[in-house]
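Inspection log for the structure reproduced underneath, given as structure tokens.
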Amino acid sequence: MNKILLIIKREYLSRVKKKSFLIMTFLTPLIIAGFYGLIIYFSIKGINDKTDKVAVINENKTLTEKLASNKNVTYEYVDKSFENLKKNLNKSDYDYILYLPDFNIDKPEGIELIGTKQAGLTLDGRISDSIEDLIRDYKLKKSGISQTDLDNLKSKVSILTKKIGNTGKEENSSAGASTIIAFVAGVLMFMFIMLYGVQVMRGVIEEKTSRIIEIMISSVKPFQLMMGKIIGIAMVGLTQFLLWIILTFSISALAVSIFVSKEDAKKIVASSSQVTGTNPGTQQFQAAARSDSPFGNVQKSLENLDLGKIIAVFVFYFLGGYLFYSALYAAIGSAVDSETETQQFMMPVMMPLLLGYALSLSVVTNDPYGNVAFWLSMIPFTAPIAMVVRLPYGVPGWELALSMAILIIGFIGTVWFAARIYRVGILMYGKKASFKEMVKWFWYKG
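Structure representation (structure tokens):
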């Protein structure tokens, strides 16, 4: 045990003292704080979206109502030839030409949007929606509905989402904010496991190619060396992660106090909670007011999220996932003589992690309580990412405990499997390893 502790100490100190570690540890929170600072700045000041000026040539005899301009698109009806306007579009003040031919109102075809540059998907959607609304309004009016009744048919709906908590009480929730947290947690988990797992593999390869390993093996057992390296680098990753959390919150708080004036802070507070009272509609109105503020959705969703639990579970799955995969990376590193030879072995190890990453950020975020989400969070190969993605949506305690237990068992099994390959491969030189050869190493006795 003392030898493992010595190896852990060596691996830990040799890495945390590197300039690259110190630079990335302190630079990353600054980048994150700057990112959120931009969000806060634009939330307060507002973003003026570019307004596209569209010339409308309407040759449709039925659709006489004009398209309504908005802050994103300005429609200007012109009485010009379509062909002439196309030729002189570069010299005009218009960004695009919208051509409405004399189509059948029940089957609109032949509509064209032409510009000096390719129209974006958002603009195309906005114009399509405007034309569809215009056609729908025409058909409703034709059926005998007055303009007043037509206006009354349109309602803006704002949904206040809630869920029943473990205590049986209603809690505010937000699918959007939960999804954002899930995405961030999933991406970070994938990056950390890959980053520090590959560090283990590279460390083993460096020691093997430099022949230092031959001296070390004379003093410690291969299993002790592998475990010491894995745990030492895990502590480096955990140290960096915790420092990132502390520094990010500290720098963000300092930046807000410096760059956000008291007046702006009052505006934020006022916009998020300016309604008080005891009448029956107060709670609903206050929630609606809060949702309209720049930080309303975030505030509404975070106030009932157990961020302490999310961080604690993230740390557990980071350690569990890292230990699970790093043992396999250590086995790969012991089997090769250079990093270029690792490609054929890394792909089978990376595929389950990539699969868990892809499915977690697509299937799991859309259906966090489905069968796919459940099994992804139970299988050790995919559980580290899938479970942290599911957590913001709420996971039953027994599922979380079962997933943790399976991950621990999976880690123990993986370490035992990898150690049997590591003990032989670490002393093999000059021979290209293969999966068949590694299976032989696994069954070697002694």
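Residue numbers for the sequence shown follow full-length UniProt numbering, beginning at 1 and rising by one. Just so it is clear, CB atoms sit at the ideal spot from N, CA and C, and this is done for glycine as well. Please read these numbers as outputs of a predicted model, since none were measured by experiment.
Taking 7 Å as the cut-off, the Cβ atoms of I181 and P29 do not count as close. Of the candidates I251, S210, G397 and I193, I251 places its Cα closest to the Cα of I31. The alpha-carbon of N371 is positioned some 52 Å away from that of T64. An exposed status is given to A358, since fewer than 16 other beta-carbon atoms sit within 10 Å of its beta-carbon. When DSSP assignments are scanned along the segment 99 to 159, the uninterrupted stretches of alpha helix (DSSP H) that are 4 or more residues long and fall wholly within it turn out to be 121 to 142 and 147 to 153.
For the pair S360 and A386, the CB atoms are nearer than the 7 Å cut-off. The continuous stretches of beta strand (DSSP E) do not include E341, and DSSP gives it neither H nor E. Beta-bridge partners of N58 (DSSP): L100. With a 10 Å radius around the Cβ and a threshold of 16 neighbouring Cβ atoms, P384 comes out buried.
Counting along the chain, no alpha helix (DSSP H) covers Y393, and no H or E run does either. With at least 16 other beta carbons inside 10 angstroms of its own, R423 counts as buried. Non-local beta-carbon contacts of F442 in its own chain, meaning distances under 8 Å to residues more than five positions away in sequence, involve F417, R420 and I421 in chain order. Here V415 is buried. Its C-beta has 16 or more other C-beta atoms within 10 Å. DSSP places T382 in no beta strand (DSSP E); its state is neither H nor E. Boundaries of the beta strand (DSSP E) harbouring T74: V73 to Y77, taken from the DSSP string. In the DSSP annotation of this structure, Y94 is not part of any alpha helix (DSSP H), being labelled neither H nor E. As DSSP reads the structure, D52 sits in a beta bridge with V73. Assignment of E207 by DSSP, reduced to helix, strand and coil, places it in the helix class.
By the neighbour-count criterion, in which 16 or more other beta carbons inside 10 Å mark a residue as buried, Y429 falls on the exposed side.
Spanning the alpha carbons of F314 and G321 requires a straight line of approximately 10 Å. When DSSP states are grouped into helix, strand and coil, Y369 belongs to the coil group. Judged by their CB atoms, E11 and K229 are nearer to each other than the 7 Å cut-off. The Cβ atoms of A185 and V363 lie no closer than 7 Å to each other. In the three-state reduction of the DSSP assignment, L63 falls in the coil class.
Counting other Cβ atoms within 10 Å of its Cβ, V54 reaches 16 or more and is therefore classed as buried. Between the beta-carbon of L353 and that of F318 there is about 13 Å, and that puts the pair past the 8 Å contact cut.
By the beta-carbon neighbour count (other beta carbons within 10 angstroms, threshold 16), L376 is buried. 7 Å or more divides the Cβ of T25 from the Cβ of Q343. Non-local C-beta neighbours of V349 in its own chain, meaning closer than 8 Å and more than five positions away in sequence, comprise Y325, L328, Y329 and I332, ordered along the chain. DSSP places A234 within a helical segment (H, G or I) once states are collapsed to three. Sequence-distant partners of A119 (beyond 5 residues in either direction) whose C-beta falls short of 7 Å from its own C-beta, in its chain, are Y96 and L113. In the DSSP assignment, L361 falls outside any alpha helix (DSSP H) and carries neither an H nor an E.
K86 carries a helical assignment under DSSP once its states are collapsed to helix, strand and coil.
With a cutoff of 7 Å on beta-carbon distance, V204 and S334 are scored as near each other.
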